[in-house]
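Let me begin by presenting the structure, written as structure tokens, before commenting on it.
In the working numbering, the protein residues as written are 3 to 323.
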């Protein structure tokens, strides 16, 4: 979305080789209310003005202040508090602005633009600012915490299909991307996902994938992209094949070989949680009637805020032990 907006702005204001604005600052900045934040505008050659804008969802792009290099003067637009913004440390190559006494309503995407004539402005990439309440203390680890749900045996037998569900919780900020892929290939199957929802001071989101036919023999990965992932690396959460899930549910027979699903779970990292009925009741969906009924229930819940559906019959579900 930010890239699209930047492209739109470039068309609205004819581009020149004047400035490169807020370069290299794609990740959101998080600040608490009452604190301050600084932005730097990088300038490639001599300009007359530097402008700072803010974009907020559902509101037109708003210019906040602009700086006149010739007169070394910062000017505010009508309705903008003159004490809110302060510019400093200016050279011919950059100009800094500080936003003081931050409030939650200051959240948005900030851009700077440079011009030599007052008419033609060059915009670059923006920086997203998230202002949290002063009494909110985020946990040290705000990366997505995964919980996986495996297909139910009833679904596999009844519909010849299996649905995986990947739940991500307790992450911040809310920007997250989830997609699925086959473990040993580049195929990215079509999947579904719910809206990102706020829970307390963090966020949660889930995505699900239904596989059929030959894909039931393949392992799949839920890939999670989030700026707070460890070392900035995508999380890849491995799901066993649907047929492995089915075979692991068959009655025990004398054998010296371990169940592939059990073996996979025993070697899994502690960061991925596999759900049991008694410890995650609010996310127990009716997998037995997947895909149609379960998706319908999810849609109703997300749309109307109804209580989570809970399955009482153990045989309807299959979770890793």
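Beta carbons are placed, not taken as given, at the ideal position from N, Cα and C, and that holds for glycine. Source: prediction; values computed, not measured.
The beta-bridge partner set that DSSP reports for residue 166 consists of 211.
When the Cα atoms are used, residue 178 and residue 53 turn out to be separated by approximately 30 angstroms.
By DSSP's assignment, residue 236 forms no beta bridge with any residue.
Counting C-beta pairs closer than 8 angstroms gives three or more between the region 81-97 and the region 45-52, which meets the contact rule. Taking 7 angstroms as the cut-off, the Cβ atoms of residue 144 and residue 173 count as close.
Going by DSSP, residue 159 is part of the alpha helix (DSSP H) stretching over 155-161.
Looking only at 87, 109 and 124, the smallest Cα-Cα distance to residue 50 is reached by 124.
The continuous stretches of alpha helix (DSSP H) do not include residue 100, which lies in the beta strand (DSSP E) extending over residues 96-101. By the criterion of at least three beta-carbon pairs nearer than 8 angstroms, the region 150-161 is not in contact with the region 121-141.
Per DSSP, reduced to three states, the secondary structure at residue 107 is helical.
Between residue 185 and residue 221, the C-beta spacing is below 7 angstroms. DSSP places residue 226 in the uninterrupted beta strand (DSSP E) bounded by 222-227. When DSSP states are grouped into helix, strand and coil, residue 246 belongs to the helix group.
In this structure residue 66 is buried. Its beta-carbon is surrounded by 16 or more other beta-carbon atoms within 10 angstroms. Annotation for residue 223: 182, 183, 184, 185, 238, 239, 240 and 241 place their beta carbon closer than 8 angstroms to its own, counting only its chain and skipping 5 residues before and after. Taking residue 195 as the centre and dropping the five residues before and after it, the same chain places the C-beta of 180, 207, 208 and 209 closer than 7 angstroms to its C-beta, in chain order. The three-state reading of DSSP puts residue 216 in helix, counting H, G and I together. According to DSSP, residue 171 shares a beta bridge with 147.
Burial is judged here by how many other beta carbons sit within 10 angstroms of a residue's own beta carbon; residue 234 has fewer than 16 and is exposed.
The C-beta distance from residue 36 to residue 103 rounds to 7 angstroms, short enough to fall under 8 angstroms. In this structure, the beta-carbon distance from residue 113 to residue 55 falls below 7 angstroms.
For residue 130, the enclosing beta strand (DSSP E) covers residues 129-134. With contacts defined as CB atoms closer than 7 angstroms, residue 163 and residue 212 qualify as a contacting pair.
For residue 182, the enclosing beta strand (DSSP E) starts and ends at 179-184. Rounded to whole angstroms, the gap between the alpha carbons of residue 201 and residue 86 is 31 angstroms. Sequence-distant partners of residue 236 (beyond 5 residues in either direction) whose C-beta falls short of 6 angstroms from its own C-beta, in its chain, are 225 and 227. Around the beta-carbon of residue 187, fewer than 16 other beta-carbon atoms lie within 10 Å, marking it exposed.
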